[in-house]
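Colleague: Top to bottom, those sequences are chains X and W.
For the first sequence, numbering that gives the first Met the number 0 assigns the number 0 to the initial residue and increments by one for each residue that follows.
For the second sequence, numbering that gives the first Met the number 0 assigns the number 0 to the initial residue and increments by one for each residue that follows.
Protein chains: 2
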Amino acid sequence: MRYELFYWTGIQGRGEFVRLALEDAGATYVDVARDQGDGVMTRFLAGEQPGALPFAPPFLQAGKLVLAQTPNILAFLAPRHGLVPSSVASKCFALQLQLTIADLVGEVHDTHHPIAVDQYFEDQRIEARKRAASFRTQRLPKFIDYFEQVLARGDGQHAVGRNHTYVDISLFQLMAGLDYAFPLAMHRLRRHTSRLRLLSERVAARPRLAAYLASSRRVPFNKDDIFRHYPELDDV
Amino acid sequence: MRYELFYWTGIQGRGEFVRLALEDAGATYVDVARDQGDGVMTRFLAGEQPGALPFAPPFLQAGKLVLAQTPNILAFLAPRHGLVPSSVASKCFALQLQLTIADLVGEVHDTHHPIAVDQYFEDQRIEARKRAASFRTQRLPKFIDYFEQVLARGDGQHAVGRNHTYVDISLFQLMAGLDYAFPLAMHRLRRHTSRLRLLSERVAARPRLAAYLASSRRVPFNKDDIFRHYPELDDV
Numbered sequence: 000m001r002y003e004l005f006y007w008t009g010i011q012g013r014g015e016f017v018r019l020a021l022e023d024a025g026a027t028y029v030d031v032a033r034d035q036g037d038g039v040m041t042r043f044l045a046g047e048q049p050g051a052l053p054f055a056p057p058f059l060q061a062g063k064l065v066l067a068q069t070p071n072i073l074a075f076l077a078p079r080h081g082l083v084p085s086s087v088a089s090k091c092f093a094l095q096l097q098l099t100i101a102d103l104v105g106e107v108h109d110t111h112h113p114i115a116v117d118q119y120f121e122d123q124r125i126e127a128r129k130r131a132a133s134f135r136t137q138r139l140p141k142f143i144d145y146f147e148q149v150l151a152r153g154d155g156q157h158a159v160g161r162n163h164t165y166v167d168i169s170l171f172q173l174m175a176g177l178d179y180a181f182p183l184a185m186h187r188l189r190r191h192t193s194r195l196r197l198l199s200e201r202v203a204a205r206p207r208l209a210a211y212l213a214s215s216r217r218v219p220f221n222k223d224d225i226f227r228h229y230p231e232l233d234d235v
Numbered sequence: 000m001r002y003e004l005f006y007w008t009g010i011q012g013r014g015e016f017v018r019l020a021l022e023d024a025g026a027t028y029v030d031v032a033r034d035q036g037d038g039v040m041t042r043f044l045a046g047e048q049p050g051a052l053p054f055a056p057p058f059l060q061a062g063k064l065v066l067a068q069t070p071n072i073l074a075f076l077a078p079r080h081g082l083v084p085s086s087v088a089s090k091c092f093a094l095q096l097q098l099t100i101a102d103l104v105g106e107v108h109d110t111h112h113p114i115a116v117d118q119y120f121e122d123q124r125i126e127a128r129k130r131a132a133s134f135r136t137q138r139l140p141k142f143i144d145y146f147e148q149v150l151a152r153g154d155g156q157h158a159v160g161r162n163h164t165y166v167d168i169s170l171f172q173l174m175a176g177l178d179y180a181f182p183l184a185m186h187r188l189r190r191h192t193s194r195l196r197l198l199s200e201r202v203a204a205r206p207r208l209a210a211y212l213a214s215s216r217r218v219p220f221n222k223d224d225i226f227r228h229y230p231e232l233d234d235v
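Here it is in structure tokens:
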């Protein structure tokens, strides 16, 4: 199966969670918009293609199937590429964790866009400072503690039992994004992230992922992305 | 299978999407916190139970399995109760739509809590007015148009092909919540919601759901819930 991944060029964004899983699996895929430009997604979003209508990128074409929503795409790909155990309990727990990661990613986005997604950060920076303060002091530690507790209940290195899954890959990406966006806040939380750090190192060292991360295909984090570094939103 | 549903008493919240699916399916379930109080959830959230650790309610116990995250619970229940077709394409599309509903519900929540979930609405009402204005004029029409387009691509009455699914039930609940929270904005959008209205009427008339909605088990919407009615956040 040759997959076609559709996502905005120029940022990692939510597409990166799918891209990392495809890379780790050694799957054959085309990053369509990087080849043909963002305009290639318009016909899907306008409903001109048959199949499932996406609300927004990322979406994946797999044969005749079109899938959108990051956790949905990952839950589809994972059993086909050994990235989740086959039991119902494991699949459900993996999806549950991925949805919790998606919730956290949404909250990260809203630290720089607390009022309106269609307005610039500069037009909502006062509100962004307030939201970011609440995020750093209340929400981020709660999510971090949760994921650490999940790892502690398993073997300490994997989110789902003793198996490497797409959730581990997403947790790596989550930590990378948080380190970029909130370096001071993450440094302050360092005593609470020991298992997540070990997991991240393990994931980043997987040969296919290490090759991808060192390649030019890994777009650097930047200020158009979901994870953004604004010093005024980090620990002060 | 006798299910145990765990969710905060006193509000519909995200738990209602699960409750409605269980009611429509005629499933045997206990609404545990309504019998025993919210404290019964503490041992799950504190990690004192085996199985999947929930980050937050709702969660469902099904035999030895514990599942959290609303779309995950629904995707688990649906094939067991005829609430989604068995094909991979249908299951994936249903989950994709449910995740998009969840995104919209999250944005509804943030209209009254744009800065911090742990602070009162009254302490963020200025920001709430701004966020709600953006929601009503930009985001809500975009989501509504999307779901109408999804219905138009099918038979006009069902989200997933010609089949009644858990997504239809959730779209009914979404419309009910939006009508409660934003009556003026929804009235203004009335020419754009004709298929969603027909779907909502069909779902509400299903015998088991009609009986549930008329019962005292259906907690009224209120100002502790996700869908809240603050006139200042509605169309002005």
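Note that beta-carbon positions come from the ideal geometry of N, C-alpha and C, so glycine has one too.
Predicted model, so just to flag it, every value in this text is computed and none were measured.
Using a Cβ cut-off of 8 angstroms (strictly closer), state whether ASP144 of chain X contacts chain W.
Modeller: Reading the first sequence from its first residue, position 145 is the one you call residue 144 of chain X. Taking Cβ atoms only, chain W never reaches closer than 8 angstroms to ASP144 of chain X, which makes this a no.
Colleague: Run through chain X and tell me which residues come within less than 7 angstroms of LYS129 of chain W, C-beta to C-beta.
Modeller: The residue given as residue 129 of chain W occupies position 130 in the second sequence. Within 7 angstroms Cβ-Cβ: ILE114.
Colleague: Quick test of your reading: THR27 of chain X and LEU82 of chain X, contact by CB under 8 angstroms. State the CB separation rounded to the nearest angstrom.
Modeller: The residue given as residue 27 of chain X occupies position 28 in the first sequence. The residue given as residue 82 of chain X occupies position 83 in the first sequence. The Cβ separation is near 15 angstroms, so there is no contact.
Colleague: Closer than 6 angstroms by C-beta to VAL31 of chain W: which residues in its own chain qualify, once you throw out the five before and the five after it? Chain order, please.
Modeller: Walking along the second sequence from the start, residue 31 of chain W turns up at place 32. Within the same chain, VAL31 of chain W has close Cβ partners GLU3, PHE5 and VAL39.
Colleague: For GLN137 of chain W, would you say it is in contact with chain X, using Cβ-to-Cβ distances shorter than 8 angstroms as the test?
Modeller: The count along the second sequence starts at 1 and reaches residue 137 of chain W at position 138. Cβ-Cβ to chain X under 8 angstroms: yes for GLN137 of chain W.
Colleague: How big is the Cα-Cα spacing for ARG196 of chain X and ALA151 of chain X?
Modeller: If you number the first sequence from 1, residue 196 of chain X lands on position 197. If you number the first sequence from 1, residue 151 of chain X lands on position 152. The alpha-carbon atoms of ARG196 of chain X and ALA151 of chain X are separated by roughly 13 angstroms.
Colleague: When burial is assigned at 16 or more other CB atoms within 10 Å of the CB, is TYR119 of chain X buried or exposed?
Modeller: Along the first sequence, read from residue 1 onward, the residue named residue 119 of chain X stands at position 120. Answer is exposed; the Cβ neighbour count stays below 16.
Colleague: Taking Cβ positions only, does MET105 of chain X come closer than 8 angstroms to chain W?
Modeller: Against the first sequence, residue 105 of chain X aligns to sequence position 106. The question names Met, but residue 105 of chain X in the sequence shown is Gly. Output row for GLY105 of chain X: interface = yes.
Colleague: Let me know the secondary structure DSSP gives VAL87 of chain X once reduced to three states.
Modeller: Sequence index remark: in the first sequence, residue 87 of chain X carries index 88 (1-based). Here VAL87 of chain X sits in helix by DSSP.
Colleague: Tell me the residue span of the beta strand (DSSP E) that contains ARG1 of chain X.
Modeller: Against the first sequence, residue 1 of chain X aligns to sequence position 2. Taken as a continuous stretch (DSSP letters only), the beta strand (DSSP E) holding ARG1 of chain X covers 1-5.
Colleague: Between the segment 167-183 of chain X and the segment 211-231 of chain X, are three or more C-beta pairs nearer than 8 angstroms?
Modeller: Cβ pair count under 8 angstroms is three or more, so yes.
Colleague: Would you mind listing the alpha helix (DSSP H) stretches within the segment 122-149 of chain X that are 4+ residues and don't spill past its ends, in chain order?
Modeller: Qualifying alpha helix (DSSP H) stretches, in chain order: 124-133.
Colleague: So is PHE37 of chain W in contact with chain X if we call contact Cβ pairs under 8 angstroms?
Modeller: Mapped onto the second sequence, residue 37 of chain W falls at position 38. For the sequence presented, residue 37 of chain W should be read as Asp rather than Phe. ASP37 of chain W does not count as touching chain X.
Colleague: Near ARG258 of chain X, what residues of its chain come up, given a Cβ to Cβ distance below 7 angstroms and the 5 sequence neighbours on each side ignored?
Modeller: Here chain X comprises residues numbered 0 to 235, so residue 258 of chain X is not present and cannot be evaluated.
Colleague: Can you pull the chain X neighbours of ASN162 of chain W, defined as C-beta to C-beta under 7 angstroms?
Modeller: In the second sequence, counting from the first residue as 1, residue 162 of chain W sits at position 163. Per Cβ cutoff of 7 angstroms: no residues; ASN162 of chain W is ~14 angstroms from chain X at best.
Colleague: Quick test of your reading: GLN95 of chain X and LEU66 of chain W, contact by CB under 8 angstroms. State the CB separation rounded to the nearest angstrom.
Modeller: Within the first sequence, numbered from 1, the residue matching residue 95 of chain X stands at position 96. Within the second sequence, numbered from 1, the residue matching residue 66 of chain W stands at position 67. Rounded, the Cβ-Cβ distance is 6 angstroms, consistent with contact.
Colleague: With distances taken between CB atoms, is the gap from ARG135 of chain W to ALA180 of chain W smaller than 8 angstroms?
Modeller: As a position in the second sequence, residue 135 of chain W is number 136, starting the count at 1. As a position in the second sequence, residue 180 of chain W is number 181, starting the count at 1. Cβ atoms of ARG135 of chain W and ALA180 of chain W: not closer than 8 angstroms.
Colleague: Which residues of the segment 65-80 of chain W have a Cβ closer than 9 angstroms to any Cβ of chain X? Give them in chain order.
Modeller: The segment 65-80 of chain W vs chain X, Cβ under 9 angstroms: VAL65, LEU66, ALA67, GLN68, THR69, PRO70, ASN71, ILE72, ALA74 and PHE75.
Colleague: Are the beta-carbon atoms of PHE146 of chain W and THR69 of chain W separated by less than 8 angstroms?
Modeller: The residue labelled residue 146 of chain W in the question sits at position 147 within the second sequence. The residue labelled residue 69 of chain W in the question sits at position 70 within the second sequence. For PHE146 of chain W and THR69 of chain W, no; Cβs fall outside 8 angstroms.
Colleague: How far does the alpha helix (DSSP H) with TYR165 of chain X in it reach, from first residue to last?
Modeller: As a working note, residue 165 of chain X is residue 166 in the first sequence. First-last of the alpha helix (DSSP H) with TYR165 of chain X: 165-180.
Colleague: Sort X:PRO219, X:GLY160, X:ASN71 and X:LEU73 by Cα distance to LEU52 of chain W and report the nearest one.
Modeller: Residue 52 of chain W sits at position 53 when you count from the first residue of the second sequence. Answer by Cα proximity: X:GLY160.
Colleague: Quick one: list the residues of chain X neighbouring THR99 of chain W, beta-carbon separation under 7 angstroms, in chain order.
Modeller: Sequence index remark: in the second sequence, residue 99 of chain W carries index 100 (1-based). Ordered by position in chain X, the residues that pass the 7 angstroms Cβ test against THR99 of chain W are PHE54 and GLN68.
Colleague: Could you give the distance in angstroms between the alpha-carbon of ARG79 of chain W and the alpha-carbon of GLN60 of chain X?
Modeller: As a working note, residue 79 of chain W is residue 80 in the second sequence. As a working note, residue 60 of chain X is residue 61 in the first sequence. Straight-line Cα distance between these residues: approximately 27 angstroms.
Colleague: Rounded to whole angstroms, what is the Cα-Cα separation between ARG205 of chain W and ALA24 of chain W?
Modeller: As a working mapping, residue 205 of chain W is identified with position 206 in the second sequence. As a working mapping, residue 24 of chain W is identified with position 25 in the second sequence. Roughly 10 angstroms between the two C-alpha positions.
Colleague: Going residue by residue through the segment 54-102 of chain X, where are the continuous beta strand (DSSP E) segments of at least 3 residues, counting only ones entirely within it?
Modeller: With a minimum length of 3 residues, the continuous beta strand (DSSP E) runs that stay inside the segment 54-102 of chain X are 58-61 and 64-67.
Colleague: Since ASP23 of chain W is in the alpha helix (DSSP H), which residue starts that stretch and which ends it?
Modeller: Position 24 of the second sequence, counting from 1, holds the residue named residue 23 of chain W. Its alpha helix (DSSP H) spans residues 14-24.
Colleague: For the alpha helix (DSSP H) containing THR41 of chain W, list its first residue and its last residue.
Modeller: To locate residue 41 of chain W, count along the second sequence from 1; it is residue 42. Its alpha helix (DSSP H) spans residues 41-44.
Colleague: Give the single residue among W:ARG18, W:HIS191 and W:PHE75 whose Cα lies nearest to the Cα of GLY62 of chain W.
Modeller: Taking the second sequence and counting its residues from 1, the one referred to as residue 62 of chain W is at position 63. When only C-alpha atoms are compared, the closest one is W:PHE75.
Colleague: Please name the residue, chosen from W:LYS222, W:ARG207, W:PRO140 and W:ARG217, that lies closest to GLU22 of chain W on a Cα-to-Cα basis.
Modeller: Translated into the one-based positions of the second sequence, residue 22 of chain W becomes position 23. Out of W:LYS222, W:ARG207, W:PRO140 and W:ARG217, W:ARG207 has the C-alpha closest to the C-alpha of GLU22 of chain W.
Colleague: With a cut-off of 8 angstroms, does the C-beta of VAL149 of chain X fall near any C-beta of chain W?
Modeller: Locating residue 149 of chain X in the first sequence gives position 150, counting from the first residue. With 8 angstroms as the cut-off, VAL149 of chain X counts as an interface residue toward chain W.
Colleague: Given this structure, state the Cα-to-Cα distance separating ALA203 of chain X from ARG194 of chain X, to the nearest angstrom.
Modeller: Here residue 203 of chain X refers to the residue found at position 204 when the first sequence is read from its first residue. Here residue 194 of chain X refers to the residue found at position 195 when the first sequence is read from its first residue. One C-alpha to the other measures close to 14 angstroms.
Colleague: Between ASP144 of chain X and ALA45 of chain W, what straight-line distance do the alpha-carbon atoms span, to the nearest angstrom?
Modeller: As a working note, residue 144 of chain X is residue 145 in the first sequence. As a working note, residue 45 of chain W is residue 46 in the second sequence. The alpha-carbon atoms of ASP144 of chain X and ALA45 of chain W are separated by roughly 11 angstroms.
Colleague: Is any beta-carbon of chain W found at less than 8 angstroms from that of SER85 of chain X?
Modeller: Working through the first sequence from its first residue, we reach residue 85 of chain X at position 86. No, SER85 of chain X does not count as interfacial toward chain W.
Colleague: Rounded to a whole number of angstroms, what is the C-alpha to C-alpha distance between LYS141 of chain X and LEU188 of chain W?
Modeller: Here residue 141 of chain X corresponds to residue number 142 of the first sequence, with the count starting at 1. Here residue 188 of chain W corresponds to residue number 189 of the second sequence, with the count starting at 1. Roughly 38 angstroms between the two C-alpha positions.
Colleague: With the cut-off set at 8 angstroms, would you say ALA131 of chain W and LEU73 of chain W are in Cβ contact?
Modeller: Locating residue 131 of chain W in the second sequence gives position 132, where the first residue counts as 1. Locating residue 73 of chain W in the second sequence gives position 74, where the first residue counts as 1. Taking 8 angstroms as the Cβ cut-off, ALA131 of chain W and LEU73 of chain W do not qualify as a contacting pair.
Colleague: Applying the 10 Å Cβ sphere with the 16-neighbour rule, what's the burial state of ARG13 of chain W?
Modeller: To locate residue 13 of chain W, count along the second sequence from 1; it is residue 14. So ARG13 of chain W ends up on the buried side.
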